[in-house]
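S.K.: Can you read through this structure? Questions will come right after.
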Amino acid sequence: MVKRKQKQKMIRFLVPVEDAKKIEEEAAKLNLSVSAFIRLLIKQWSDGIRFERREG
Numbered sequence: 001m002v003k004r005k006q007k008q009k010m011i012r013f014l015v016p017v018e019d020a021k022k023i024e025e026e027a028a029k030l031n032l033s034v035s036a037f038i039r040l041l042i043k044q045w046s047d048g049i050r051f052e053r054r055e056g
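With full-length UniProt numbering, letter number 44 in the sequence shown gets 44, and the count goes up by one each step, no holes.
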């Protein structure tokens, strides 16, 4: 069975610098690129896992 390539589209968004650093750190802990880490978060979100912002 041959997989067909899906059309892709680039999505960009801005986050505060401190949030970007946290995202980069968490991605690095899992040895993932930031893009792969964000895709993982989106997949987990759609699978029913909910994330909450921690005030600290």
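Built from N, CA and C at the ideal position, the CB exists for glycine as well.
Keep in mind that this is a model prediction, so the values were computed, not measured.
Just verifying my parser: in three-state terms, what is the DSSP assignment at ILE42?
M.R.: helix
S.K.: Less than 8 Å between the beta carbons of VAL17 and GLU24, yes or no?
M.R.: no
S.K.: Is LYS9 helix, strand or coil by DSSP?
M.R.: Three-state result, LYS9: coil.
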